[in-house]
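Chains as they are written, first to last, in this note's numbering: chain Z, 1 to 422; chain X, 1 to 225.
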């Protein structure tokens, strides 16, 4: 639920309850006011009837009946004959039900006692008015709440949403975030300050970690070279037996793997440090041809059927080395994870380059495929950095990249941005 | 052949010295620009192997001095980073080749030999092993006078082997030398094998001995008795 909606929902609930309570209270008040009024008039009428009875000197058994009152002679005397007033629903001449208030009392005359009942119609139309009025008030409140939301609340909260948007689009790799906004609301100021501090420290730590990785990888290169060279010298020795040679043979590929990981990590850190800032117009169709030539041996060994569908030429403005590395890694990935006798399709349509290939079903989610050190379990040879490199290169040139997989068919699509003229 | 190696890492230096020594090269070495400058001024070398990151400065200065003294001497730059600027700078300033760490000794040797061969003025520029003759200037291979047609990769492979004759070459060093960084590790052995098979077949059919032996699990060796 959204912040503003939640606030307003509560406000509306309170309003509805308040209006309902107010309606009930008004109803009760008006009703009792009207009854008091009617009762006074009933009592006046009683005095009037009493006076009339006295004037006409009624005989024993006198009684009369009108639509408004009913007077009946009763034998004997009734001491302490008190007034009683009550409500009743009666039918009028048209047979419609009307609410009445009835005064029942007795009048003592010398000739005897008269039971007197006086009724007065009690108006109820006010109830409708009350509820209509309250309903209109409710409508007005709802309208006000909506206006309040759009013209006031949104404005008040706008620094907050502004901050939220900035944090959402914050990319730790690319730049520092500036959370300064000219709000005069204390809490938002504090929020921005605190977030700014967190972002800055995260950025600094991220940078430190990145340069640590880069430095560490870099520092490792000399010792790795020493190990590689010593092993190379070792295998020249005539004194090595079968067993010793086998030990070295086990170690060599592991060392080569370390070299590969290290080189890739250095490359990744260079990409994210924007080390490759030189831009050139790169002909991707030409690149693709070169890359396919490079992999011809492996394509032949795996018996892959390669299809090239080039609808148009595609140029991109990027560092030529990165363009090369991008294409190499894409094709390498498609060849390496292919199956024997499989296929490989490369297509260029408009600004889109798509490479699809046969392979095995994925055990990982496609979203994870660009993460570092993610490999399909079945292939232990892969170091899982090729696609991370592809992803980071794409990211640094605003190339939209998507990994799709449907069963044994894998596809990576790259949509290049419009080339800017140099 | 006379070499100068300028490298500040003791162990790296020792490995290089040992490998080059085994071929009977005369090798001088220096760990600092200062030491190297003295050697350059006093002697002449066929080739200098130069690490760019030295404790007392950037190796590129040394490159200028070396080339100023003797333009026919070759320079191979060693560097821990394959940064493009360094590479371009180095090659612009007259370095003949560039190798990044971690390199293979066999590859370093092959490249140094190529540099020296290229820079050699006059004289013969070919290698003869029994009836096998490789003409480096024409990139031509003949067996008993008959030309053998090799693909570029087969030719490069053969050069790599004869440059490191009687040395075990690891599969990865072959991959790095011929294919570079991108070959898929999982089937690089098969790729090497496929090319080597063709190379051996062509040489044997032309009447050449089969010099290339497999060293199980490790690589190959070009053996001349």
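Ideal Cβ positions, reconstructed from N, Cα and C, are used throughout, including at glycine. All values derive from a computational prediction rather than experimental measurement.
Assign residue i to one of three DSSP states: helix, strand, or coil.
i	result
residue 422 (chain Z)	The predicted model places residue 422 (chain Z) with a pLDDT of 46, which falls under 50 and marks its position as unreliable; any figure quoted below should be read in that light. Of the three classes helix, strand and coil, the one that applies to residue 422 (chain Z) here is coil, per DSSP.
residue 152 (chain X)	helix
residue 312 (chain Z)	coil
residue 443 (chain Z)	This structure does not reach residue 443 (chain Z), given that chain Z is present from 1 up to 422, and the question cannot be answered.
residue 187 (chain X)	helix
residue 199 (chain Z)	helix
residue 246 (chain X)	It is not possible to answer for residue 246 (chain X), since the shown part of chain X is limited to 1 through 225.
residue 337 (chain Z)	coil
residue 1 (chain X)	coil
residue 384 (chain Z)	coil
residue 410 (chain Z)	strand
residue 280 (chain Z)	strand
residue 68 (chain Z)	coil
residue 20 (chain Z)	helix
residue 117 (chain X)	helix
residue 160 (chain Z)	helix
residue 214 (chain Z)	helix
residue 111 (chain Z)	coil
residue 6 (chain Z)	helix
residue 60 (chain Z)	coil
residue 155 (chain Z)	helix
residue 345 (chain Z)	strand
residue 400 (chain Z)	strand
residue 171 (chain Z)	coil
residue 28 (chain X)	strand
residue 7 (chain X)	coil
residue 162 (chain X)	helix
residue 286 (chain Z)	helix
residue 141 (chain X)	strand
residue 306 (chain Z)	strand
residue 324 (chain Z)	helix
residue 351 (chain Z)	coil
residue 135 (chain X)	strand
residue 22 (chain X)	coil
Measure the CB-CB distance between residue i and residue j and report whether it falls below 8 angstroms.
i	j	result
residue 358 (chain Z)	residue 271 (chain Z)	no
residue 191 (chain X)	residue 183 (chain X)	yes
residue 374 (chain Z)	residue 403 (chain Z)	no
residue 91 (chain Z)	residue 119 (chain Z)	no
residue 85 (chain Z)	residue 103 (chain Z)	yes
residue 233 (chain Z)	residue 218 (chain X)	no
residue 235 (chain Z)	residue 227 (chain Z)	no
residue 301 (chain Z)	residue 194 (chain X)	yes
residue 7 (chain X)	residue 56 (chain X)	no
residue 353 (chain Z)	residue 284 (chain Z)	yes
residue 334 (chain Z)	residue 309 (chain Z)	no
residue 264 (chain Z)	residue 336 (chain Z)	no
residue 266 (chain Z)	residue 214 (chain Z)	yes
residue 317 (chain Z)	residue 276 (chain Z)	no
residue 29 (chain X)	residue 17 (chain X)	yes
residue 67 (chain X)	residue 130 (chain X)	no
Round the Cβ separation of residue i and residue j to the nearest angstrom and send it over; I've been treating them as touching at under 8 angstroms.
i	j	result
residue 407 (chain Z)	residue 368 (chain Z)	Not confirmed; about 18 angstroms, so no contact.
residue 12 (chain Z)	residue 149 (chain Z)	Not confirmed; about 10 angstroms, so no contact.
residue 116 (chain X)	residue 74 (chain X)	6 angstroms
residue 315 (chain Z)	residue 281 (chain Z)	5 angstroms
residue 262 (chain Z)	residue 217 (chain Z)	5 angstroms
residue 224 (chain X)	residue 166 (chain X)	6 angstroms
residue 72 (chain X)	residue 121 (chain X)	7 angstroms
residue 122 (chain Z)	residue 100 (chain Z)	6 angstroms
residue 71 (chain Z)	residue 56 (chain Z)	In fact, because the Cβ distance is near 11 angstroms, the residues do not count as touching under 8 angstroms.
Can you find a C-beta in chain B that's less than 8 angstroms from the C-beta of residue i?
i	result
residue 187 (chain X)	No chain B appears in this structure, whose protein chains are Z and X.
Quick check: does the Cβ of residue i come within less than 7 angstroms of any heavy atom belonging to the ligand SAM?
i	result
residue 23 (chain Z)	The ligand SAM is absent from the structure shown, which contains no ligands of any kind.
Going along the chain, which unbroken runs of the beta strand (DSSP E) with 3 or more residues stay wholly within the segment 243–273 of chain Z? none
The segment 176–194 of chain Z touching the segment 207–214 of chain Z, judged by at least three CB pairs closer than 8 angstroms: Not touching, per the Cβ criterion.
Between the segment 387–396 of chain Z and the segment 43–56 of chain X, do at least 3 Cβ pairs fall closer than 8 angstroms? In the pairwise beta carbon analysis, the segment 387–396 of chain Z is classified as not touching the segment 43–56 of chain X: fewer than three pairs are separated by under 8 angstroms.
Restricting to runs no shorter than 4 residues, where is the alpha helix (DSSP H) found entirely within the segment 31–77 of chain X? 33–42, 59–69
Measuring CB atoms only, is the segment 284–293 of chain Z touching the segment 132–150 of chain X, in the sense that at least three cross pairs come out at less than 8 angstroms? no
Pick out the complete beta strand (DSSP E) segments inside the segment 77–142 of chain Z, 3 residues or longer, and give them in chain order. 84–91, 97–108, 113–121
So, does the segment 219–233 of chain Z touch the segment 89–105 of chain X, judging by three or more C-beta pairs under 8 angstroms? They touch, by the three-pair rule.
Would the segment 330–344 of chain Z count as touching the segment 385–393 of chain Z if we require 3 or more Cβ pairs under 8 angstroms? Note that the segment 330–344 of chain Z touches the segment 385–393 of chain Z; at least 3 beta-carbon pairs, one per stretch, sit closer than 8 angstroms.
Is there contact here, the segment 54–63 of chain Z with the segment 17–24 of chain Z, by at least three beta-carbon pairs under 8 angstroms? no
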